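Undergrad: Questions regarding the structure given below will be posed in turn.
Number of protein chains: 2
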Amino acid sequence: MARPKTPLLSVERIVNEALAMIDDGADFGVVRLAERLGVNPSSLYNHVSGRDEIVELIRGRLADDFEIVVEPGTPWDEVVEYVVRRQRAMFAAHPLFLPLLVGKTVTDPRVISYYEDLAAALRLAGFPDAEVLDVVAVLDTFALGSGLDLSAPAEVWKTPDATSVLGRLLVSADDGASRSERAFELGLRFILAGLREHLDAISPAASPAAAITSLS
Amino acid sequence: MARPKTPLLSVERIVNEALAMIDDGADFGVVRLAERLGVNPSSLYNHVSGRDEIVELIRGRLADDFEIVVEPGTPWDEVVEYVVRRQRAMFAAHPLFLPLLVGKTVTDPRVISYYEDLAAALRLAGFPDAEVLDVVAVLDTFALGSGLDLSAPAEVWKTPDATSVLGRLLVSADDGASRSERAFELGLRFILAGLREHLDAISPAASPAAAITSLS
DNA sequence: ACCTGAACACCGTTCAAGT
DNA sequence: ACCTGAACACCGTTCAAGT
């Protein structure tokens, strides 16, 4: 054994298997991951600095898969809607990954560029510098929150009491996935309407017809 | 040693110390918690079923501390605003606790009753049964998302590139806490406006002046 | 350069033993 | 009833040893 002529591992193979593992519903860990890769846990450290880096690398890979491409000339509100929907799609494709991310600083440049594009679009739309980050935070908050909704257990509330308001509604409710879907649509609609109105109040001229000519 | 005449532990003492530990920024765990309590880790299992139950008990205690009390006759939109602000205040008081919660089913009755009140208020406001859970989900999503914003590291984005749009905005930006605050206010405003408009479209009569006479 | 295997400092949880 | 202490099955990470 020892060093094989052709390497058993690569960063890509590690990241792919890690994501597959998470999607399978297994709890993510380097020991279990090494097992799936048919390798000793310590071998991973030749390619990767540790557990945290693997998570961050997955985030980067997803940002790659769900690349944000905006055609020049697209109205700002369509850009915002597209970007939020795209992020939602990303989370929806790998719902169990999101919980691993909470509270971790973004370092992957591919993810950074995603926020870059969003910030650029908002600035071009006419949002003042002082507000762009706030709006980005609102959108990020919303995408994160509704993404977490997707990774939540099927039964969010465990209420045995069928006579309560909540209990009655839960009985006749459809599954959590479509509720989450509708809630996303509802929230997105509210936010977009709010942003349009807000921008209109700031610079009435630039609002609905304004087009974006170039991004970043 | 062995069994002392007066018990060293109680569920309350365990929960209090656990929350204090989380607020201190230490990573939560039963071994470390036992250490802080001056007790053997296995002793905790006489009072509590394990790590997960402690987390859920903390959630219940917080729901207790930040009890939702709505005066009968309060307009529905004020109820919604109050409830969302209250939840935000709860998360803000213990920002590091929230990440421990994601993806866990709510079982504590004190937390359930919180959602009960919200659902009851929305129904009385005139939202149709089929939509109440969706609206609750939107509000929950928003509260959760902006709560997580509070527990995020000070540097959410690590961008060395000061020439980029994001980099330039980050340099002149104030701290994350007040940005998070403004984003919360912005988002809440959008959602409330959206809900009012939405309700108005459904049942024009019941909207702004409607008052709630009793809750749950 | 890239793998193995032993080792370390941790986890959460169980259980017999003591009072 | 309520604590201790040993034990078990795990973690993530380091490092010397091998090719």
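Chains A and Y, in that order, are what the protein sequence lines are.
Quick note: the first sequence uses the working numbering, first residue 3, plus one each step.
Quick note: the second sequence uses the working numbering, first residue 3, plus one each step.
We put the beta carbon where it would ideally sit given N, CA and C, even for glycine.
Note that the coordinates shown come from a computational prediction; the quantities given were computed from them, not determined experimentally.
1) By the three-class DSSP mapping on this structure, what secondary structure does residue 41 (chain A) have?
2) Mapping DSSP to helix, strand and coil, what is residue 101 (chain Y)?
3) What is the rounded straight-line gap between the Cα of residue 26 (chain A) and the Cα of residue 77 (chain Y)?
4) So, with DSSP's three-state summary, where would you put residue 109 (chain A)?
5) Report the residue ranges of all alpha helix (DSSP H) runs contained in full by the region 160-203 of chain Y; include only those spanning at least 4 residues, in chain order.
6) For residue 116 (chain A), count neighbouring C-beta atoms within 10 Å of its own C-beta (all shown protein chains included) and say buried if the count is 16 or more, exposed if not.
7) For residue 57 (chain A), which residues from the same chain have a beta carbon less than 6 Å from its beta carbon, with the 5 sequence-adjacent residues on both sides left out?
8) So, does the CB of residue 64 (chain A) fall closer than 8 Å to a CB anywhere in chain Y?
9) Do we get a CB-CB distance below 8 Å when we pair residue 210 (chain A) with the residues of chain Y?
10) Could you give the distance in angstroms between the alpha-carbon of residue 37 (chain A) and the alpha-carbon of residue 43 (chain A)?
11) Assuming residue 141 (chain Y) contacts residue 86 (chain Y) under a Cβ cut-off of 8 Å, what Cβ separation, rounded to an integer in Å, is found between them?
12) Any C-beta of chain Y sitting closer than 8 Å to the C-beta of residue 60 (chain A)?
13) To the nearest angstrom, how far is the alpha carbon of residue 10 (chain Y) from that of residue 54 (chain Y)?
14) Could you tell me if residue 52 (chain A) is buried or exposed, where buried requires 16 or more neighbouring beta carbons within 10 angstroms of its beta carbon?
15) Using a Cβ-Cβ cut-off of 8 Å, state whether residue 196 (chain Y) counts as contacting chain A.
16) Just the chain A side, please: which residues come within less than 8 Å of residue 144 (chain Y) by C-beta, in chain order?
17) Looking at chain Y, is there any beta carbon in it that lies within less than 8 Å of the beta carbon of residue 118 (chain A)?
18) Would DSSP call residue 8 (chain Y) helix, strand or coil?
19) Are the CB atoms of residue 131 (chain A) and residue 188 (chain Y) nearer to each other than 8 Å?
20) So, are the CB atoms of residue 152 (chain A) and residue 93 (chain A) less than 8 Å apart?
21) Taking only beta-carbon atoms, is residue 27 (chain Y) less than 8 Å away from chain A?
22) Using a threshold of 8 Å, state whether the C-beta atoms of residue 90 (chain A) and residue 145 (chain A) are closer than that.
23) Which term fits residue 6 (chain Y), buried or exposed, when burial requires 16 or more other beta carbons within 10 angstroms of its beta carbon?
24) Just how far apart, CA to CA, sit residue 190 (chain A) and residue 170 (chain Y)?
TA: So, from the data block:
1) Residue 41 (chain A): coil per DSSP, three-state reduction.
2) Three-state result, residue 101 (chain Y): helix.
3) Rounded to whole angstroms, the separation of the alpha carbons of residue 77 (chain Y) and residue 26 (chain A) is 46 Å.
4) When DSSP states are grouped into helix, strand and coil, residue 109 (chain A) belongs to the coil group.
5) Listed in chain order, the complete alpha helix (DSSP H) runs (minimum 4 residues) inside the region 160-203 of chain Y are 167-174.
6) Label assigned to residue 116 (chain A): buried.
7) The residues 102, in chain order, have a CB closer than 6 Å to that of residue 57 (chain A) in the same chain once the five nearest residues on each side in sequence are set aside.
8) Chain Y contact via Cβ: absent.
9) Low local confidence applies: a pLDDT of 48 at residue 210 (chain A) is under 50, so the model's placement there is unreliable, with the coordinate-based value given in what follows. No - not a single Cβ of chain Y is within 8 Å of the one on residue 210 (chain A).
10) Here the C-alpha atom of residue 37 (chain A) lies approximately 7 Å from the C-alpha atom of residue 43 (chain A).
11) About 6 Å; that satisfies the 8 Å criterion.
12) Closer than 8 Å: no.
13) When the Cα atoms are used, residue 10 (chain Y) and residue 54 (chain Y) turn out to be separated by approximately 21 Å.
14) With fewer than 16 Cβ atoms within 10 Å of its Cβ, residue 52 (chain A) is classed as exposed.
15) So yes, residue 196 (chain Y) belongs to the interface.
16) Simply 143, 144, 147, 189.
17) For residue 118 (chain A), the nearest CB of chain Y lies under 8 Å from its own CB, placing it at the interface with that chain.
18) If DSSP states are grouped into helix, strand and coil, residue 8 (chain Y) belongs with coil.
19) Taking the C-beta atoms as reference points, residue 188 (chain Y) is found no nearer than 8 Å to residue 131 (chain A).
20) The answer is yes: Cβ separation under 8 Å.
21) In terms of beta-carbon proximity, residue 27 (chain Y) stays away from the interface with chain A, with every pair separated by 8 Å or more.
22) Yes, these two residues count as a Cβ contact at 8 Å.
23) Exposed is the call here.
24) Note on geometry: alpha-carbon atoms of residue 190 (chain A) and residue 170 (chain Y) lie some 28 Å from one another.
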